[in-house]
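The structure appears right after this line, and notes come after that.
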Amino acid sequence: MTEPVITVENLTRRFGDFVAVDHINFEVNAGEVIGYLGPNGSGKTTTIRMLLGLLEPTEGRATVLGFDAFRQTEEVRKRVGYMSQKFAIYDDLTVRENLTFYGGVYGITDKARIQHTVELVGLKGHESTLTKSLSTGWRQRLSLGIALVHEPKLLFLDEPTSGVDPTARRAFWDLIYELAAGGVTILVTTHYMDEAEYCERVGVMRDGKLLAMDTPTNLKKSIIKGDVWEVYAHPLEHGVDILSGLQGVDRVGLAGDHLRVISSGVQKEAMQKLLNREKIQVDKIERGEPTLEDVFLALAR
Amino acid sequence: MAPRGFHGAHRDQQVKGKFFMNDYLVQANGLKKYFGNVHAVDGVDLNIKSGEIYGLVGSDGAGKTTTIRLLVGALRPDQGDITICGYDLHKQVELARSTIGYLSQRFSMYEDLTVLENIRFFAEIRGLSSTEWLPRSMEILEFVGLDKFIDRRAGQLSGGMKQKLGLASALVTRPRLLLLDEPTTGVDPVTRQDFWQLVIKLVSQPIAHNTENAKRNTQQEGVSVIISTPYMDEASRCHRIGFMKAGKIITEGTPSNLRAQLAGRILELRGTPLQILRHTAHADKDVEDVAAFGDKLHVRVRADKAELIMKRLPEEIRSAGGVLTELRAIPSTLEDVFIALSESDHD
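Going down the list, the sequences are from chains S and D.
In case it helps, this note's numbering puts the first sequence at residues 16 to 316.
In case it helps, this note's numbering puts the second sequence at residues 5 to 351.
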C-alpha cells in the first residue's frame, strides 16, 4: 500500500482566542475524490491554507505528498494545483494566452503541454476565444486547465461548479473522474450539496471541527437514522409546528408544496392522526430519500 | 405610486386592478426578446397565481435572466405583453412596478451604512414617505430576523445576514410579486435553508399589516414569487417549475409531476471497478444515459425497459469482469429530469 497523499494529524489553527481549525484528523489516498463540506467560517479555507503551506499550524501537522506542508512548502507547491472561483483569469486574453501565462509561472514553456491541457479540459477549437466571451461553464474549464497545466498530483478545487446548471456540472465532473482515474487526487471544498454528491467521500466541517467523513451513502445511513417523509397537507405552515412537537421527529422543513419530515423513527399513521386531530387536511404522505442537505442540517444544528 | 386615489382617466384601470384577484397575478403572453440574431426569449407565456412560488430553471443562456429582466420592466420585449396585478407593465409602468420587488444575484448595499440606513435608502428611492418607511422597515426587518441588528453597518454583517438585508430591501415596498434572480448563489446551506423558509413564509402568510397600512389595503393580499435558479435542490422547493431551453419554456409542472415523467427509469448501480460498470451500462442499447456520482452510477433507461435491463445487466457486468454489489430502481430526481430535458430535441 502506498502512503496517503494527504495525512492530517490533530491539525489545529488558532487566531487569538478563535479556534478556526480544531484538532482534525483525516487521510486521503491517491486517486480519491474528496469533498470538504461546510458553511462559510467553518474552517474549510483555513485547512486548505495549511495544506498549501500558506499558514503555520498552531498544533498538529499536515503531510502532503510525503512532504511537511509547512516546512517543505516549495516541494508541495510544485506538485499541487488549485482552482478557485475567485482566481483571476485575464478576460482580455484568449484561452491559450491565459494557459501560456500561467504555465510560465510554473516555468512551463512547452507548447505541446499547453495544447494538451486545452484538449484535456475540452476547449479544443476555442484556443483563440477571448476569455470574456466564454460561458460560465467553459470559464470553469479554463480555470481547471490553468490549475492543471503543470500536471499536479493533487488538485484543490474551491466550489468548482458554483452557479452552473446540472448539464455543465456533469460534464465538468466527468473530467474530474478522468483525472482521478489517471491517479490525480482531488479535494473539493464546497458548500453546495449538489457538488458534494459527486464526491467519493465527504468530510463535514462545522465550527472548526470535522464532524464526519465518509461516503455520501454511509453518511446518509449513519446520520439520518429514521425515515424521511414528504407530507402534502394544507394549511402547510401550521403543520410545521404541529409535527415538530411529535416524538421521533427531528426536523420539519417547508419545501414549497409539501413538508419534509426528518425522523429518527415516526410512522405515517402517527403523523396522519395528529394532523387530522388539528384539523389539517392531509392529501398524502410519501416516503422520501435522505439528501446530503439533510445530513448537513442534522449535523449542523 | 400606490394604486389608490386614481380617478377619471384612470378609472378603468382601477377597476381592472380590483378584479384581477380572480385571475392570475402575473400574465405574460408571447414574450419575445431578440439580441441581434440571438432569440434570448422566444415566445414565453406565464400564468402565475397569487400564493405561488414559480421556479425558472434551465442552462446558462436558456433565457432565464432575460425573462426576469422583462418581468421587472428593465427590458422591453420585442413582442408580447405582461400584466402584473392587473396592470399592463408597458402602459401602466408606474402602477405595475409599484407591485414588484426584485432581488438580483448581486444586489448592492452600502457597506458603510447601517442596516436601517440601507433600508431607508431603498424605501425612499421607491417613494415611501418619512412617516411610512420606519414602521414598515421595522416590520420587515423583524420578519427577516434583522430587527436586533439595525445599527450594525452592512459591511459587518455575515453573508447570510447580508442576504437577508437584500431580501428586506426588496420587500420594503410590500410587493405582490417578488422576483429573485439566482438569489442563493454563493450562500451556505444553513443560510439557504433559512432564506427559503422566509420565502415560503412570505407566500403562505404575508407580513402582517399594521393599522396604518391596513387602511390602504383593505383586502388580505397574496404574494407570488418567481425565482430563477441553476440548483435543482432549490427548484424542488417551488410549487411549479418552468424548464427553459433556447428561449422557450419547454415543460412546466409541479416538482412531483416533472419527476413522474421519469418514474421507474432511473437505476442505481454500485460495484467495482466503476469504469467497467460504466462502460457496460453505456453499451446497453436501452440505456439512455450513465452518470457517475462518487461511489455509484445513475443510469437512465428507456421507458418500460427497466425490468429487462435489471435482468440482463448483472450478467453483462460479470462477463466484462466487473463486480456488481447493488442494482436497484430509485426515485428520479429533478436533476435527472433536467438532464433528460436538456438532451431532448424539442424543435
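Idealized CB from N, CA, C, for every residue including glycine.
From a predicted model like this one, the values you see are computed outputs, not experimental measurements.
At the 8 angstroms Cβ level, is residue i part of the contact set with chain S, yes or no?
i	result
GLN96 (chain D)	no
ALA296 (chain D)	yes
ILE52 (chain D)	no
ILE57 (chain D)	yes
GLU216 (chain D)	Residue placement at GLU216 (chain D) is poorly supported in this model, since its pLDDT is 46, which falls under 50; the coordinates are not used for a value here.
ILE336 (chain D)	Reading off the sequence shown, one finds Ser at residue 336 (chain D), where the question assumed Ile. No, SER336 (chain D) lies away from the interface with chain S (no Cβ there is under 8 angstroms from its Cβ).
ARG220 (chain D)	With a pLDDT of only 44 at ARG220 (chain D), under the threshold of 50, the placement of this residue in the model should not be trusted, and no figure is reported.
THR284 (chain D)	no
SER134 (chain D)	no
ILE343 (chain D)	yes
ASP351 (chain D)	The pLDDT assigned to ASP351 (chain D) is 48, lower than 50, so where the model puts this residue is not dependable; a value taken from the coordinates is nonetheless given after this. So, not an interface residue.
THR189 (chain D)	yes
SER346 (chain D)	yes
ASN26 (chain D)	In this prediction, ASN26 (chain D) scores a pLDDT of 49, lower than 50, which makes its location untrustworthy; no coordinate-derived value is stated.
For chain D, check one thing: does any of its Cβ atoms lie closer than 8 angstroms to the Cβ of residue i?
i	result
GLY268 (chain S)	yes
LEU312 (chain S)	yes
LEU3 (chain S)	Nothing can be reported for residue 3 (chain S), as the shown portion of chain S is limited to 16 through 316.
MET98 (chain S)	no
THR232 (chain S)	yes
ASN44 (chain S)	no
VAL48 (chain S)	yes
THR17 (chain S)	no
ALA315 (chain S)	yes
PHE308 (chain S)	Checking the displayed sequence, the identity of residue 308 (chain S) turns out to be Glu instead of Phe. Yes, GLU308 (chain S) lies at the interface with chain D (some Cβ there is under 8 angstroms from its Cβ).
ASP298 (chain S)	no
GLY218 (chain S)	no
GLU293 (chain S)	no
GLU90 (chain S)	no
GLU1 (chain S)	Any question about residue 1 (chain S) goes unanswered here, given that chain S covers just 16 to 316.
For a contact meaning CB atoms closer than 7 angstroms, what does residue i contact in chain D?
i	result
TYR192 (chain S)	ALA296
TYR213 (chain S)	PHE297, GLY298
Just the chain B side, please: which residues come within less than 8 angstroms of residue i by C-beta, in chain order?
i	result
ALA196 (chain S)	No chain B appears in this structure, whose protein chains are S and D.
Residues of chain S with a CB under 8 angstroms from the CB of residue i: which are they?
i	result
ASP64 (chain D)	SER150, THR151, GLY152, VAL179, ASP180, ALA183
GLU339 (chain D)	PRO181, ASP209
Give the residues of chain D in contact with residue i, contact being defined as C-beta atoms less than 8 angstroms apart.
i	result
MET208 (chain S)	PRO193, ASP237
PRO54 (chain S)	ASP192, PRO193, VAL194, THR195
Is it the case that the Cβ atoms of residue i and residue j are separated by a distance below 8 angstroms?
i	j	result
LEU114 (chain S)	GLY75 (chain S)	no
PHE247 (chain D)	LEU328 (chain D)	no
ILE333 (chain D)	LEU266 (chain D)	The sequence given here has Ala at residue 333 (chain D), not Ile. No, the pair does not count as a contact, with Cβ atoms beyond the cut-off.
MET228 (chain S)	PHE30 (chain S)	no
ILE191 (chain S)	ALA248 (chain S)	no
LEU74 (chain D)	ILE86 (chain D)	yes
TYR38 (chain D)	ASP82 (chain D)	yes
LEU202 (chain S)	TYR51 (chain S)	yes
MET286 (chain S)	LEU307 (chain S)	no
ASP155 (chain D)	THR118 (chain D)	yes
THR176 (chain S)	GLN155 (chain S)	yes
MET220 (chain S)	GLY58 (chain S)	yes
LEU169 (chain S)	VAL120 (chain S)	no
ALA127 (chain D)	VAL176 (chain D)	yes
VAL136 (chain S)	GLY160 (chain S)	yes
ALA32 (chain D)	LEU50 (chain D)	yes
ARG216 (chain S)	VAL243 (chain S)	no
HIS286 (chain D)	ASP340 (chain D)	no
ALA315 (chain S)	VAL194 (chain D)	yes
ILE230 (chain D)	LEU60 (chain D)	yes
Under 8 angstroms (Cβ pairs) to chain S, residues found in the stretch 224-248 of chain D: Against chain S - using a Cβ distance shorter than 8 angstroms - the residues of the stretch 224-248 of chain D are PRO234, TYR235, MET236, ASP237, SER240, ARG241, CYS242, HIS243.
Length at least 3, wholly inside the stretch 326-350 of chain D: the beta strand (DSSP E) runs in chain order: 327-333
Residue ranges of each beta strand (DSSP E) within the stretch 206-236 of chain S, 3 or longer: As far as the stretch 206-236 of chain S is concerned, its whole beta strand (DSSP E) runs of at least 3 residues are 216-221, 224-229.
Alpha helix (DSSP H) segments (min. 4 residues) lying fully within the stretch 53-102 of chain D: List check, alpha helix (DSSP H) in window: 68-76, 97-101.
The stretch 193-208 of chain D: positions lying closer than 8 angstroms to chain S by Cβ: PRO193, VAL194, THR195, GLN197, TRP200, GLN201, ILE204, LYS205, SER208
Residues in the stretch 152-178 of chain D having any Cβ partner in chain S nearer than 7 angstroms: GLY163
Contiguous alpha helix (DSSP H) assignments of at least 4 residues, all confined to the stretch 149-214 of chain D: 163-175, 193-208
Uninterrupted alpha helix (DSSP H) stretches inside the stretch 75-152 of chain S (no shorter than 4 residues): The qualifying runs are 88-94, 110-120, 126-135.
Positions along the stretch 239-265 of chain S whose CB lies within less than 8 angstroms of some CB in chain D: Across the stretch 239-265 of chain S, CB contacts with chain D closer than 8 angstroms involve PRO250, LEU251, GLU252, in sequence order along the chain.
Inside the stretch 267-326 of chain D only - alpha helix (DSSP H) runs reaching at least 4 residues: 278-287, 310-323
Members of the stretch 258-269 of chain D that neighbour chain S once the beta carbon cut-off is set at 9 angstroms: THR258, PRO259, SER260
Chain D contacts from the stretch 271-292 of chain S (Cβ-Cβ distance under 8 angstroms): GLY271, ASP272
Every unbroken alpha helix (DSSP H) within the stretch 169-200 of chain S, with a cutoff of 4 residues, ordered by chain: 181-196
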